[in-house]
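Engineer: Residue numbers (numbering that gives the first Met the number 0), protein chains in the order written: chain A, 0 to 147; chain B, 0 to 704.
Virtual Cβ for every residue (Gly too), placed ideally from N, Cα, C.
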Amino acid sequence: MITLIVNGKNYSVNVDSGTPLLWVLRDILQLTGTKYGCGIEICGACTVLVNGSAHKSCDMDVGEVAGKKVVTIEGLSPDGTHPLQKAWIDQQVPQCGYCQSGMIMKAAELLAKKPNPTDSDIDGAMSNICVCGTYQRIRAAIHQAAKG
Amino acid sequence: MSSRKIAPPSKIDRREFLTATGGLLLAFTLDSGNRAAQAAGITSTVNAWIRIGTDESITVLIGGSEMGQGAYSGLAQVAAEELMVDWAKVHAAPAPAAQSWVTGGSSNISGHAQPLRVAAAAVREMLIAAAAKTWKISPDLCSAANGKVLNTVTNASLTYGSLAALASTMPVPANPPLTPASSYRLIGTPVKRLDIPGKTNGSAIYGIDVTLPGMLFAAVKHCPSIGGTVKTVTTRTGTRAVVNLGNAIAAVSDSTSSAREAVNGVNVTWNIPSSAAGVDSTLYLQQAQQMMLYGNPLTAEAIGDVSGAFLSAAKTLEMTYTLPYLAHACMEVLSCTVSLTANSCDIWAPTQAPSWVLGTVMSLTNLPASSINVHPTLMGGGLGRKIEQDYIAQAVQVAKAVSKPVKLTWSREEDMANDQYRPFALARVKAALDSKGNIIGWANRIVSPSILYQRGWIPDNVVDTQSTEGATGLPYNFGSRIVEYIRHPGTVPVGFWRSVGHSINTFVVESALDEIALATNTDPLTLRQRLLVNDMRSLNVLNQAASLAGWGTPLTKGHARGIAFAASFGSIVAEAAEVSHPSSSTIRVHKVACAIDCGTAINPDSVEAQMQGGIFHGLSAAMWGEVKFTNGTANVRNFSNYRVLLMREAPVISVKIIQSGAPIGGAGEPGVPPIAPAVANAYAKLTGTRVRTLPFFPGSHMSDD
Chain A
0 MITLIVNGKN YSVNVDSGTP LLWVLRDILQ LTGTKYGCGI EICGACTVLV NGSAHKSCDM
60 DVGEVAGKKV VTIEGLSPDG THPLQKAWID QQVPQCGYCQ SGMIMKAAEL LAKKPNPTDS
120 DIDGAMSNIC VCGTYQRIRA AIHQAAKG
Chain B
0 MSSRKIAPPS KIDRREFLTA TGGLLLAFTL DSGNRAAQAA GITSTVNAWI RIGTDESITV
60 LIGGSEMGQG AYSGLAQVAA EELMVDWAKV HAAPAPAAQS WVTGGSSNIS GHAQPLRVAA
120 AAVREMLIAA AAKTWKISPD LCSAANGKVL NTVTNASLTY GSLAALASTM PVPANPPLTP
180 ASSYRLIGTP VKRLDIPGKT NGSAIYGIDV TLPGMLFAAV KHCPSIGGTV KTVTTRTGTR
240 AVVNLGNAIA AVSDSTSSAR EAVNGVNVTW NIPSSAAGVD STLYLQQAQQ MMLYGNPLTA
300 EAIGDVSGAF LSAAKTLEMT YTLPYLAHAC MEVLSCTVSL TANSCDIWAP TQAPSWVLGT
360 VMSLTNLPAS SINVHPTLMG GGLGRKIEQD YIAQAVQVAK AVSKPVKLTW SREEDMANDQ
420 YRPFALARVK AALDSKGNII GWANRIVSPS ILYQRGWIPD NVVDTQSTEG ATGLPYNFGS
480 RIVEYIRHPG TVPVGFWRSV GHSINTFVVE SALDEIALAT NTDPLTLRQR LLVNDMRSLN
540 VLNQAASLAG WGTPLTKGHA RGIAFAASFG SIVAEAAEVS HPSSSTIRVH KVACAIDCGT
600 AINPDSVEAQ MQGGIFHGLS AAMWGEVKFT NGTANVRNFS NYRVLLMREA PVISVKIIQS
660 GAPIGGAGEP GVPPIAPAVA NAYAKLTGTR VRTLPFFPGS HMSDD
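1) So A/Lys85 is in the alpha helix (DSSP H); what residue range does that whole segment cover?
2) According to DSSP, B/Asn150 sits in a beta bridge with which residue or residues?
3) Could you give the residue range of the beta strand (DSSP E) that holds B/Asp596?
4) Does the beta carbon of A/Pro19 come closer than 7 angstroms to any beta carbon on chain B?
5) Can you check whether the C-beta of A/Tyr10 is within less than 7 angstroms of a C-beta belonging to chain B?
6) Name the residue from A/Gly132, A/Glu63 and A/Thr33 whose alpha carbon lies nearest to the alpha carbon of A/Val70.
7) With a cut-off of 8 angstroms, do at least 3 Cβ pairs link the stretch 116 to 128 of chain B to the stretch 88 to 104 of chain B?
8) Using Cβ-Cβ distances below 7 angstroms, what residues of the stretch 90 to 113 of chain A are close to chain B?
9) Indicate whether B/Glu514 and B/Pro673 have their beta-carbon atoms separated by less than 7 angstroms.
10) According to DSSP, simplified to helix, strand and coil, what is B/Thr42?
11) Is DSSP giving B/Pro8 helix, strand or coil here?
12) I need the straight-line Cα distance from B/Tyr452 to B/Gly69, nearest angstrom please.
13) According to DSSP, which residues form a beta bridge with B/Pro440?
14) Determine the burial state of B/Lys220: buried for a count of at least 16 other Cβ atoms within 10 Å of its Cβ, exposed for fewer.
15) DSSP three-state label for A/Lys34, please.
16) Pick helix, strand or coil for B/Tyr641, following the three-state DSSP scheme.
17) Given a cut-off of 7 angstroms, decide if B/Ser570 and B/Ile595 are closer than it, judged by their beta-carbon atoms.
18) On the three-state DSSP scale, how would you describe B/Trp409?
19) Pair every Cβ in the stretch 214 to 229 of chain B with every Cβ in the stretch 267 to 274 of chain B, then say whether three or more of these pairs are closer than 8 angstroms.
20) How many angstroms separate the CA atom of B/Lys314 from the CA atom of B/Gly469?
21) Mind pulling the alpha helix (DSSP H) runs of 4 or more residues that sit fully within the stretch 494 to 554 of chain B?
22) The alpha helix (DSSP H) that contains B/Val356, what's its start and end?
23) Should A/Gly74 go down as buried or exposed, given a rule of 16 or more other Cβ atoms within 10 Å for buried?
24) Taking only three categories from DSSP, how would you classify B/Met318?
25) B/Ala566 by DSSP, collapsed to three states: which one?
26) Chain B partners of A/Ala44, CB-CB under 8 angstroms?
27) What separation, rounded to the nearest whole angstrom, lies between the Cα atoms of B/Thr464 and B/Gly667?
28) Contact criterion: CB-CB distance below 7 angstroms. Does B/Phe696 meet it with respect to chain A?
29) Would A/Val49 pass as an interface residue toward chain B - the criterion being a Cβ-Cβ separation below 7 angstroms?
30) If we count the other Cβ atoms within 10 Å of its Cβ and call it buried at 16 or more, is B/Ala6 buried or exposed?
31) Can you tell me where the alpha helix (DSSP H) holding A/Ala140 begins and where it ends?
32) State the DSSP-derived secondary structure class of B/Ser306, mapped to helix, strand or coil.
33) Is it buried or exposed for B/Pro212, if we count other Cβ within 10 angstroms and need 16 for buried?
34) Within its chain, find whatever has a CB closer than 8 angstroms to the CB of B/Asp459; leave out the 5 residues flanking it on each side and keep chain order.
35) Below 8 angstroms CB to CB, which residues in the same chain sit around B/Asn342 once its five sequence neighbours on both sides are set aside?
36) Spell out whether any CB of chain A is found under 7 angstroms from the CB atom of B/Ser582.
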């Protein structure tokens with residue numbers, strides 16, 4: 000049994016400690032907002048916050064996060080009104096939307112570290128892949144969220 | 000209503016009312032204009048549905064699929080216009096599969112907006128008729144606004160929800176009046192898309208997210224070589240089931256990760272046919288080169304005396320271009336969930352073709368259509384890949400082997416290595432120029448595998464028009480022209496990749512034109528302007544893109560601009576790229592200026608997004624996209640060696656939308672074709688090197704920069 004704290008709730012899961020966190024979130028806790036994209040820590044669709052830092056959950060053993068605070072897109076705000084979520088809607092960022100949970104979680108980490116990021120800060124931090132090419136709007140949305 | 004003059008082009012043929020729910024549900028029948036369906040020989044009729052709930056909710060049931068292009072929202076927007084309802088009250092949901100259409104050819108809005116408007120207008124008129132009957136006055140004394148019918152005599156009003164039941168008994172008007180463009184409230188405005196909030200909070204359900212009580216999880220492993228089949232397979236301890244899928248195996252377990260572990264641990268041997276050795280992209284290219292010279296071409300288009308033009312030419316040019324196989328690489332890998340019993344099947348799929356899913360299930364289960372419920376989900380990208388039925392059939396086969404609901408999910412590696420790829424192509428342009436540099440003869444010969452022939456949709460001696468689209472019907476006033484096609488017999492599975500043949504042929508045509516401009520010492524924009532003098536709509540698009548790019552204005556040192564043009568899927572697009580060349584392994588595209596005339600942009604913000612998306616997709620492919628085959632095995636496995644642009648590599652894209660009022664064109668695909676040649680043209684201007692083979696940087700890996 001591994002004890003997880005996800006979005007402020009405690010869970011006990013009966014899985015091998017080497018199981019990737021991503022699949023525990025998706026298949027066992029049914030938090031499907033965190034996406035599978037590549038499985039090799041490239042695309043970032045699976046990004047979640049662990050103790051406030053953005054991590055790619057596809058290649059992170061669930062055993063590593065036992066007792067740590069995990070936040071997924073479902074837990075970023077109680078009602079979807081985090082400044083980034085509002086900015087994402089205002090800027091009409093998502094197309095297919097599949098990468099956007101990971102993008103928002105990555106941006107949340109960025110804003111926590113750098114409340115007023117420059118374009119260059121954003122380009123440096125936001126290395127997740129979006130096949131639809133929503134980057135321009137993501138950048139605008141992060142700036143908007145930073146301004147509050 | 001002041002809008003009772005425009006005669007709609009589509010008539011309503013049939014209706015169904017389901018008043019048991021207390022609301023009004025109108026279904027209507029109209030012809031499908033979808034080209035994928037046409038190519039498959041399917042002449043289906045499709046229905047669209049509008050549901051008005053007694054709770055005042057308005058739901059538009061969409062027969063097309065939502066893969067990020069904004070189709071649900073755009074079609075709902077059109078319906079909301081005619082219904083005279085508040086956009087905030089409108090919902091979109093998938094229509095039943097039997098009434099769905101295949102999403103392809105950028106046709107959701109262009110092919111279905113108008114019929115949906117007519118249906119919505121009919122619903123509105125029926126609501127008005129119901130109110131008039133209630134008030135015992137003439138319908139002419141009633142008007143509809145904000146989800147209510149107003150009595151213009153007494154100022155009383157009745158809500159749609161309260162009128163829905165009575166409205167369902169009213170006659171369906173055959174020619175309901177449509178709102179004139181001058182009165183549009185919603186069409187042409189950038190309303191917020193309906194699907195976006197759910198995509199910011201984790202609540203949007205894609206195919207891969209479908210969760211059923213007690214369900215199992217399946218992973219798949221394909222034969223490493225195209226054409227190979229399972230020879231022997233054994234079960235594995237700790238695995239709930241191992242299923243032989245013919246060219247693949249699936250393992251079923253209690254989570255996706257354990258199913259993957261299981262499938263990789265299954266002891267399987269494969270029958271690899273001897274022909275697999277010939278499935279080799281290097282060999283294919285050599286064959287294509289021979290076929291270019293000695294093959295028997297089919298004529299796709301011939302206008303004027305091309306032979307005479309070449310005989311009298313002052314100068315001739317010959318240019319040959321090579322384009323690779325491409326993978327779709329949708330962000331969401333293939334996935335499908337099935338709940339099958341002896342007498343029913345529910346299937347959840349991220350699919351561009353719900354009606355084909357229905358057919359797949361029927362053929363594999365022998366269940367009647369009435370016992371099958373297809374639930375199309377949101378797609379994390381479709382790009383043409385999710386029209387296919389391979390993953391659907393696999394999930395049904397796995398469900399037959401286990402007694403519980405099951406979700407089958409491909410790994411990224413399986414997804415990349417078992418795609419139905421954009422065909423490779425070899426294309427040659429010969430141009431005959433007169434002494435003034437005018438193009439008096441244009442001969443374009445294309446050697447490429449045929450998507451339609453490979454599927455048995457066309458016979459051998461017929462031009463695959465999807466292989467030649469973008470090469471034929473060009474608006475340029477060449478003196479004479481011939482376009483020929485030779486089908487390459489390659490057996491690598493080929494499929495519909497965003498913009499299909501245009502993604503190939505536009506690179507060829509627009510690169511060749513640039514080479515001609517260079518050879519005749521003509522500005523590339525000027526050359527195209529001269530060639531489009533008889534097509535004012537195209538010329539305007541070209542000029543708008545050039546103007547947006549500041550064509551001819553001074554550039555930063557080390558930068559250059561290139562331009563390209565394409566008319567595809569009913570829309571006209573020109574793109575100008577500004578590039579630099581910071582290292583030998585990369586091109587930096589700083590800016591792209593794009594102009595599109597799609598007739599009427601229902602939602603300009605969505606059209607802009609599609610242009611941005613198409614440009615990104617085309618640019619990623621042009622930079623790095625290539626799938627090679629050796630012994631029938633694809634060389635790509637993940638984003639590490641099938642690269643996609645990152646934010647720091649992304650150009651700033653500005654989009655000018657021209658609302659010309661022409662018939663509505665597509666938006667999902669037309670942004671793709673011009674970008675590769677626009678960048679190649681800029682690169683040639685900058686470096687003097689002409690890139691005739693895509694991608695620009697083959698063999699690139701994520702870590703290469």
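Structural biologist: According to the structure shown:
1) Pro82 to Asp89
2) B/Cys141
3) Thr585 to Asp596
4) yes
5) no
6) A/Thr33
7) no
8) Gln91, Pro93, Gln94, Cys95, Gly96, Tyr97, Cys98, Gln99, Ser100 and Ile103
9) no
10) Here B/Thr42 scores only 31 on pLDDT, less than 50, and its place in the model should not be relied on; the value that follows carries that caveat. The answer is coil: DSSP assigns B/Thr42 none of H, G, I, E or B.
11) Low per-residue confidence applies at B/Pro8: pLDDT is 33, beneath 50, and the placement is therefore not dependable, though the value from the model is reported in the following sentence. It is coil, neither helix nor strand.
12) 31 angstroms
13) With the sequence shown as reference, residue 440 of chain B is identified as Gly, and Pro is not the correct amino acid for it. The partner list for B/Gly440 (beta bridge, DSSP) reads B/Ala431.
14) buried
15) coil
16) coil
17) yes
18) coil
19) yes
20) 25 angstroms
21) 499 to 518, 523 to 530 and 535 to 548
22) Pro353 to Thr364
23) buried
24) strand
25) strand
26) Met330
27) 20 angstroms
28) no
29) no
30) Caution applies to B/Ala6, whose pLDDT of 30 falls short of 50 and renders its modelled position unreliable; the model cannot decide the point.
31) Tyr134 to Lys146
32) helix
33) exposed
34) Tyr452 and Arg486
35) Leu366 and Ser370
36) no
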